[in-house]
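Only one structure is covered here, and it is reproduced in the block below.
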Amino acid sequence: MQRVLITGVNGFLGSNLAEAFCKSYKVIGLKRSTSNISRILNFPLKLYDTDKTPLMDIFIKHKPNIILHTAGCLGRNNEPLSHIVETNLLFSLKLLECAKNFNIDIFFNADTLQNDYFSNYTISKKTLRDYLPNFIEYFKIINCRIEHIYGFNDDGNKFVPSMLKSFNQNIPNIPLTKGEQLRDFIYIKDVVSAYLLLLNNANIIFRSSNFASFDIATGNLVKLKDFCIALLDEFRKYKNTISRLDFGKVPYAKNEAMKINEDITPLFNLGFRPKYNYKNGIKDLLYKAMGGGYSKLASLVG
944 MQRVLITGVN
954 GFLGSNLAEA
964 FCKSYKVIGL
974 KRSTSNISRI
984 LNFPLKLYDT
994 DKTPLMDIFI
1004 KHKPNIILHT
1014 AGCLGRNNEP
1024 LSHIVETNLL
1034 FSLKLLECAK
1044 NFNIDIFFNA
1054 DTLQNDYFSN
1064 YTISKKTLRD
1074 YLPNFIEYFK
1084 IINCRIEHIY
1094 GFNDDGNKFV
1104 PSMLKSFNQN
1114 IPNIPLTKGE
1124 QLRDFIYIKD
1134 VVSAYLLLLN
1144 NANIIFRSSN
1154 FASFDIATGN
1164 LVKLKDFCIA
1174 LLDEFRKYKN
1184 TISRLDFGKV
1194 PYAKNEAMKI
1204 NEDITPLFNL
1214 GFRPKYNYKN
1224 GIKDLLYKAM
1234 GGGYSKLASL
1244 VG
C-alpha cells in the first residue's frame, strides 16, 4: 500500500484529503502538538507532532511515496509576520529539503489564487511557489492554486463560517462591501476530487516536465453579493434570523482584486467537472450543519 504524508492534516483541507486518501492509502499526518484534532479523530492514520518529532525521523520510519502539503497560516488571528513566514515558507522548505533525500514520487503543494491584498499570506505562498522548481530533479511537483474553498466544518474565522455565525447570533446588520467582487467558490468535495484526479493522471501530467501547476476552481465566477444572499436564504430554511446584509457599509480593501484570474482549462482537459455550483454547495453545507437541528452549527463556525 502506498504511503501518503499530509501536512496540516487537522486543518479543513488536510482533514478532508485524509478522509478520502485513508480509503486506499496508508496516511501519515503531521500537525502541531497544540492542534485541535476533532476533525480526524476517527480516521485510521498515524499522527506526528512536528514540534516534537524531527521530520527526518518521520521520513525514515514511513518513507512516504506522496506528500500532500496543506499546512499554512492565513494570518487571520493576528499572527506575527515571523510566524506566517515560518509556517508558509520555512517549514515548507524544510519539508522539501527532507523529501529530496527519499524516494518521493509526487509532492502536492496547496497554493492560492488570492491576490496580494491578503499581503503577508500571499507573499509567503508566492515566494514558496518560486522555489518549487529547484526540487524537480528529485521528485515531481504539482502546485495546486486553489480558489475560495468552503464547506462543512471549516475554521470559524473564515468568511463563510463567520457569516453563518452572524446569522445564528441574529446580528441585525452585517456590514459588507458592495459585493461586486467576482469570486470562484469551490466546494471542498470538488477540491478533494480534483486532487484525486491529478494523482490518477500523473503519467499524463508529467510527460514533458516534473513540474505542473493547476488552478483548482469551478470556472464559474459569482459576485460575492450573490453568494451571501444565497447563503442567508438557505440558512433561513432551517432557522429564523433577523440578520440582514448591509452591502456597501465597508469600503473595499486597498488593491482588492475585483475579479479572480484563473485558467481551469488544464484541469478540465484531464476530465475534471465540479459536481457543485455555489448554490448546491451551500445547500449541502447547511444540510450537514443544520439538517438535524442547528445544534450542529457549533461544528461549523468553531
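Under the working numbering, the letters of the sequence shown match residues 944 to 1245, in that order.
The beta-carbon is built from N, C-alpha and C at its ideal position, and this holds for glycine as well.
Legend entry - DSSP beta-bridge partners of G972: For this step, residue 972 is matched to residue 29 along the sequence shown. DSSP, once it has assigned bridges, lists I949 and L990 as partnering G972.
Inset, instruction - Label Y1064 either buried or exposed according to how many other C-beta atoms from any shown protein chain fall within 10 Å of its C-beta, with 16 as the threshold for buried. - result: Reading the sequence shown from its first residue, position 121 is the one you call residue 1064. The residue is buried, with at least 16 neighbouring Cβ atoms inside 10 Å.
Inset, instruction - Can you give me the Cβ contacts of R982 inside the same chain, cut-off strictly under 7 Å, excluding the 5 residues immediately before and after it? - result: As a working mapping, residue 982 is identified with position 39 in the sequence shown. Excluding sequence neighbours, R982 sits near N953, S958 and N1096.
Inset, instruction - Return the CA-CA distance between T950 and D1000, expressed in angstroms with no decimal places. - result: On the sequence shown, position 7 is the one that residue 950 refers to. On the sequence shown, position 57 is the one that residue 1000 refers to. Rounded to whole angstroms, T950 to D1000 spans 15 Å at the Cα level.
Inset, instruction - Could you please give me the residues that DSSP links to A1014 through a beta bridge? - result: The residue labelled residue 1014 in the question sits at position 71 within the sequence shown. DSSP output for A1014 lists no bridge partner at all.
Legend entry - Where the beta strand (DSSP E) through Y1064 begins and ends: On the sequence shown, residue 1064 is found 121 positions in, with the first residue counted as 1. Careful: Y1064 lies outside any beta strand (DSSP E), inside the alpha helix (DSSP H) at N1063 to Y1074.
Inset, instruction - Answer yes or no: do L1071 and I1084 have a C-beta to C-beta separation smaller than 8 Å? - result: In the sequence shown, the residue the question calls residue 1071 occupies position 128. In the sequence shown, the residue the question calls residue 1084 occupies position 141. No, the Cβ-Cβ distance between L1071 and I1084 is not below 8 Å.
Inset, instruction - State the start and end residues of the unbroken beta strand (DSSP E) segment that holds I1049. - result: Residue 1049 sits at position 106 when you count from the first residue of the sequence shown. Here the beta strand (DSSP E) through I1049 covers I1049 to T1055.
Inset, instruction - Please state if the CB of K995 and the CB of S976 are separated by a distance shorter than 8 Å. - result: Counted from its first residue, the sequence shown places residue 976 at position 33. Counted from its first residue, the sequence shown places residue 995 at position 52. It is a contact, given that the beta carbons lie within the stated cut-off.
Inset, instruction - Leaving aside the five residues before and after E1029 along the sequence, list all residues of the same chain whose C-beta is less than 6 Å from its C-beta, in chain order. - result: Here residue 1029 refers to the residue found at position 86 when the sequence shown is read from its first residue. Excluding positions up to five away in sequence, the list is empty.
Inset, instruction - Thinking I1010 and L948 are a contact (beta carbons under 8 Å), I'd like their distance in whole angstroms, please. - result: As a working note, residue 1010 is residue 67 in the sequence shown. As a working note, residue 948 is residue 5 in the sequence shown. Correct: roughly 5 Å between the Cβ atoms.
Legend entry - In DSSP terms, what R1126 is bridged to: Along the sequence shown, read from residue 1 onward, the residue named residue 1126 stands at position 183. DSSP, once it has assigned bridges, lists V1165 as partnering R1126.
Legend entry - Range of the contiguous alpha helix (DSSP H) that encloses Y1081: The residue given as residue 1081 occupies position 138 in the sequence shown. Segment: none, Y1081 is in no alpha helix (DSSP H) and carries neither H nor E.
Legend entry - Residues that N1223 bridges to, as DSSP identifies them: Counting from 1 along the sequence shown, the entry for residue 1223 is found at position 280. DSSP lists no partner for N1223.
Legend entry - Cβ contact check for the segment 1176-1196 and the segment 1111-1119: 3 or more pairs under 8 Å: yes
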